[in-house]
Every structure is written in C-alpha cells, then in structure tokens.
Amino acid sequence: MKDSLVLEELLTRERTAMDTYFGESNPTRYAELFADDATYFDPNSAGKIEDDAIQKHFAAFAGQIPPFRYEILNPDVDVYGKTAVFTLNLETYDQSDNTVTSRWNTTEIHRRTKRGWKMVHAHWSHT
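According to our numbering, the sequence shown holds residues 62 to 188 in order.
#1: At the 7 Å Cβ level, is Arg74 part of the contact set with chain D, yes or no?
#2: When you compare only the Cα positions, how much space is there between Lys109 and Gln156?
#3: Would you mind sorting Leu94 into buried or exposed? The rule is 16 or more other CB atoms within 10 Å of its CB.
#4: Tell me, which residues are paired with Phe129 by DSSP?
#5: Can you tell me whether DSSP reads Glu85 as helix, strand or coil?
#6: Excluding the 5 residues preceding and the 5 following Gln116 in the sequence, name in chain order all residues of the same chain whose CB lies nearer than 8 Å to its CB.
#7: So who's on the other strand from Met180, going by DSSP bridges?
#8: In or out: Leu149 buried (at least 16 other Cβ within 10 Å) or exposed?
#9: Which class does Phe122 belong to by DSSP, given the choice of helix, strand or coil?
#10: Can you tell me whether DSSP reads Asp80 as helix, strand or coil?
#11: Under 6 Å Cβ to Cβ from Trp178, same chain only, skipping five residues before and after it: list those, please.
Here it is in structure tokens:
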C-alpha cells in the first residue's frame, strides 16, 4: 500500500544521509540508517555484507568520496504492516561541468521499530 507520510519520512532520511555522503565525504549517516541485523549489496563490494560489517564497509570510504551533486529520482514506497519497500533512482553529477557521473537503481527494505524506521536490507546497482 502506498503511504505518502512514510515516503516523505524515508526520503528525508535518505537525503540527509546523501547530503553528508556526497557533500562531506562522510558515509556515517547512511550507515546509521541500517539495523544491526541488516544485509547490503552493491557492485563495489565482494558480495553480501551483513550486520556490523556494513558499518566497517562504509567507514572505509570516509574522506574518499569526491563532492558530487546528486538527485533522487522516482522515489516510491510500498508499506506492508511494519515493513516498507523503498525504491529510488539516484544520479550524481560532476560539480565542475554538471555531467552525469553515475546512475543507480536502489531498493531498500525498512522495518518500523519503536525508535523509527531502520533499514534491514539495501541493494544498489548501476543503471
């Protein structure tokens, strides 16, 4: 079921995380979105990353992420009880000439907890 309030909440969290990821070369905020028992896939990793290894994976990128402008496109969410399937496309742009540097398809699964939404799975792939 579509839920515009959940979409706005997850989109706000994602933007806050990406602002520091691409603007400050700091992936900590994105890593903090994950639950302790999460899984993660992306084309730059050697397969599935689980649990506290996710935090270590992102910590390795701190200070190494060039500053990019980004845009989140086509955000959508389907909510099933305490589970939200959040999808989006993300494009990054070179700040000097505004050319597209990467395009991503993203699926994130979030679980509602007493402290808010926590990501239990994320899968990023190049478009």
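All C-beta atoms, glycine included, are put in the ideal place defined by N, C-alpha and C.
Per the coordinate set shown:
#1: Annotation note: the requested chain D is absent from the structure, which comprises a single protein chain.
#2: When rounded, the distance between both Cα atoms is 32 Å.
#3: buried
#4: Asp155
#5: coil
#6: Ala92, Phe95
#7: Paired residue(s): Phe95, His171.
#8: Answer is buried; the Cβ neighbour count reaches 16.
#9: coil
#10: helix
#11: His171
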